[in-house]
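With numbering that gives the first Met the number 0 applied, the sequence shown has no gaps in its numbers, which climb one by one up to 94 at the end. The beta carbon of each residue, even a glycine, is placed where N, CA and C say it ideally should be. Below is one structure, written out as structure tokens, with a few remarks after it.
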Amino acid sequence: MDFRVSREAFLRVLTHVSSIVDSRSTIPILSNIYLKCENNQIEIRSTDMDISIREFVSCDSTKNGEATVNSRILTDIIRKTKRTRLLNVNWKVIA
């Protein structure tokens, strides 16, 4: 999954979607958020099994893909990046 996205827009959506994630859940996948990059758009979803949030962010994508990522870790990484306008994201899945 390769894409370029506005840091501000991506962080805003991540913060909102992460707001319902419980990092102490007994079901580990509920600590993650789902990301799907397709057609120059990133879909970001989370759930706590009662409430679900689904948002979209425009991006420039060169390679589509999808993954689940620990919500807290991803949000912390994006927050700590340099305050640039655009983020270049390149994820390789190792299976």
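Legend entry - DSSP three-state assignment for Arg78, whether helix, strand or coil: For the purposes of this step, residue 78 is identified with residue 79 of the sequence shown, where counting begins at 1. Helix.
Legend entry - Three-state secondary structure assigned by DSSP to Ser17: For this step, residue 17 is matched to residue 18 along the sequence shown. Three-state result, Ser17: helix.
Legend entry - Same chain only: Cβ atoms within 7 Å of Phe9, ignoring 5 sequence neighbours per side: Translated into positions along the sequence shown, residue 9 becomes position 10. Excluding sequence neighbours, Phe9 sits near Val56, Ile77, Leu86.
Inset, instruction - Would you mind reading off the limits of the beta strand (DSSP E) that contains Thr46? - result: Taking the first residue of the sequence shown as 1, we reach residue 46 at position 47. Its beta strand (DSSP E) spans residues 40–46.
Legend entry - Rounded separation between Ser22 and Ile28 - CA only: The count along the sequence shown starts at 1 and reaches residue 22 at position 23. The count along the sequence shown starts at 1 and reaches residue 28 at position 29. Their Cα atoms are separated by approximately 10 Å.
Inset, instruction - Look at the alpha carbon of His15 and the alpha carbon of Asn38, and state the distance between them as a whole number of angstroms. - result: In the sequence shown, the residue the question calls residue 15 occupies position 16. In the sequence shown, the residue the question calls residue 38 occupies position 39. Going from the Cα of His15 to the Cα of Asn38 covers about 22 Å.
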